[in-house]
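Step one of this worksheet: look at the structure below.
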Amino acid sequence: MTTSNVAKKPHAVCIPFPVQSHIKGMLKLAKLLHNKGVYITFVNTEFNHKRFLKTRGQNSLDGLPDFRFKTIPDGLPPSEMEATQDIPSLCESTRKHCLAPFLDLCGKFNQGESSNVPPLTSIVSDGFMTFTIDAAQSLGVPVIHFWTLAACGFMGFYQYHILLEKGLAPLGDAGSVTNGHLDKVLDWIPGMNGIRLKDLPNLSGTVFNFVMEAAQRSTKASATILHTFDNLEPDLVHALSSILSNVFTIGPLQLLLNQVPQGDHLKSIGYSLWKEEPLCLQWLNSKQPNSVVYVNFGSIAVISAQHLVEFCWGLANSSQSFLWIIRPDLVAGETANLPPEFVEGTKGRGFFASWCPQEEVLHHPSVGGFLTHGGWNSTLESLSAGVPMICLPFFGDQTTNCRYMCKEWACGLEIDSDLKRDEVEKVVTVLMEEKKAR
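Encoded structure:
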């Protein structure tokens with residue numbers, strides 16, 4: 004491709020919220036846009052850029068002449084490279100400190116940075132990177148907000164300001180969780196008939212105001228992209244179209260990527276901040292169809308040491324084969340130490356890894372069920388692979404995803420958050436035996 008041809012392309016700067024699932028979704032969207040002839044500048048934080056290089060190699064983000072990677076600081080002090088950064092701190096820091104370096108970076112594109120870099124024509128921003136609204140206004144370009152959420156998750160977040168006005172949120176003391184308050188049916192939310200307060204994204208915690216602001220500021224975006232598809236959430240997509248400007252549903256992203264040609268170099272640009280362990284795929288090859296339950300709580304959720312033990316013995320007592328992803332930082336404040344007798348007792352039918360190529364795992368014929376935190380990327384990937392789920396939501400939109408997964412789409416079972424080994428054993432057995440019987 005000649006320099007003159009590159010310089011004539013529309014130029015989109017894509018900037019994700021700096022956590023694993025959001026980076027993955029934005030990078031897939033960027034590849035689709037690139038396939039349509041858009042020049043891409045993909046902006047990671049310096050911290051995550053270093054993690055990518057450490058995990059995937061020093062040349063892994065070299066990109067192409069018209070698909071390149073840039074960085075901005077996140078404003079946080081240095082932290083452990085193998086662990087997810089503290090989310091409340093990350094939310095606050097991106098809101099306060101990212102606008103200036105982002106504007107400085109984007110300004111260079113319109114100042115003739117080089118003859119083969121076209122002028123900036125748009126910003127494609129994660130909806131949580133609210134400073135991009137101000138950046139777009141300053142630069143005189145449109146900003147498209149990309150939400151790596153279901154329509155139900157975004158609609159839940161969008162209700163925060165109404166819940167605040169009605170005195171229903173944020174949640175106060177523990178009594179509000181046990182006195183029936185959370186069972187209140189909310190009858191005003193379009194497209195969410197019968198939804199209860201407890202089904203909305205978590206209504207407590209330090210990020211309540213951050214999320215509320217992000218959802219409200221999305222009304223100022225030139226367009227909104229939701230990572231879902233119309234047939235899955237028709238009523239909600241219709242309802243959001245009257246709230247937001249130019250709503251587009253694009254998903255599942257991987258199924259769309261599978262349908263477009265990708266050069267080897269672009270295809271090789273991976274999505275994972277952790278080093279994936281492909282040996283788990285070889286282990287799956289040794290198992291019967293629909294015989295393995297895959298366990299992964301995503302890139303952020305943490306559990307207690309006590310709950311880890313309950314999970315261990317629930318899986319052991321279910322007699323099912325399992326592939327369990329245990330991140331180095333999975334257990335809050337300590338190393339995830341599995342009981343030696345559990346490891347010995349499940350030898351041959353259990354496989355442990357710190358991270359894996361999830362979509363390959365879910366599409367493997369041996370996998371018959373997915374015990375998940377209910378993050379939207381994981382949920383949509385499991386739906387795409389036709390794998391039923393057990394959902395243990397932790398925070399954010401996971402509670403809403405779980406409600407829709409179990410009640411509306413009938414593709415999953417919920418497990419009680421007060422984890423007990425008997426409950427783990429029961430729900431895993433029910434899911435896997437039903438899958439095997441199909």
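Sequential numbering from 4 applies to the sequence shown in my numbering.
Where a beta carbon is used, it is the ideal one built from N, C-alpha and C, also for glycine.
Asked	Found
Look up residue 247 in the DSSP assignment and say whether it is helix, strand or coil.	coil
Which term fits residue 379, buried or exposed, when burial requires 16 or more other beta carbons within 10 angstroms of its beta carbon?	buried
Around the C-beta of residue 442, are 16 or more other C-beta atoms found within 10 angstroms, so that it is buried, or is it exposed?	Residue numbering for the chain in the displayed model covers 4 to 441; residue 442 lies beyond these limits and cannot be assessed.
From the beta carbon of residue 283, is the nearest beta carbon of chain D less than 9 Å away?	The structure shown contains no chain D; it is built from a single protein chain.
For residue 417, does the three-state DSSP call read helix, strand or coil?	strand
Are three or more beta carbon pairs between the stretch 150 to 169 and the stretch 226 to 241 nearer than 8 Å?	yes
Could you pull the start and end residues of the beta strand (DSSP E) that residue 297 belongs to?	295 to 299
When the Cα of residue 54 is compared with those of 78, 21, 69 and 71, which residue comes out closest?	21
Is the beta carbon of residue 381 closer than 9 Å to that of residue 301?	yes
Do residue 15 and residue 124 have their CB atoms nearer than 9 Å?	yes
The beta strand (DSSP E) spanning residue 170 covers which residue range?	Here residue 170 belongs to no beta strand (DSSP E), and DSSP marks it neither H nor E.
To which residues does DSSP link residue 227 through a beta bridge?	148 and 250
Roughly how many angstroms lie between the CA atoms of residue 367 and residue 387, to the nearest whole one?	12 Å
Using beta-carbon positions only, say whether residue 299 and residue 369 come within less than 9 Å of one another.	no
Have a look at the DSSP bridge pairing and note the partners of residue 325.	296 and 353
Below 6 Å CB to CB, which residues in the same chain sit around residue 224 once its five sequence neighbours on both sides are set aside?	146 and 148
If you draw a straight line from the alpha carbon of residue 103 to that of residue 19, how long is it in whole angstroms?	16 Å
With distances taken from CA atoms, which of 99, 13, 90 and 82 is nearest residue 70?	13
Please report the distance separating the alpha-carbon of residue 422 from that of residue 244.	39 Å
According to DSSP, residue 73 sits in a beta bridge with which residue or residues?	46
Pick out the complete alpha helix (DSSP H) segments inside the stretch 337 to 403, 4 residues or longer, and give them in chain order.	343 to 348, 361 to 365 and 379 to 388
Which runs of the alpha helix (DSSP H), 4 residues or longer, sit entirely within the stretch 183 to 230?	211 to 220
So what does residue 17 bridge to, in DSSP terms?	45 and 127
Look up residue 334 in the DSSP assignment and give the residues it is bridged to.	306
Do residue 328 and residue 355 come within 9 Å of each other at the CB atom, strictly closer than that value?	yes
So the candidates are 289, 385, 339 and 288; which of them puts its Cα closest to the Cα of residue 307?	339
Using CA atoms only, rank isn't needed, just tell me which of 189, 151 and 183 is closest to residue 169.	189
Could you have a look at residue 422 and say whether DSSP puts it in helix, strand or coil?	coil
For the alpha helix (DSSP H) holding residue 283, just list the boundary residues, first then last.	282 to 288
In its own chain, which residues sit with a C-beta less than 6 Å from the C-beta of residue 131, not counting the 5 before and 5 after it?	20 and 217
Just how far apart, CA to CA, sit residue 420 and residue 204?	15 Å
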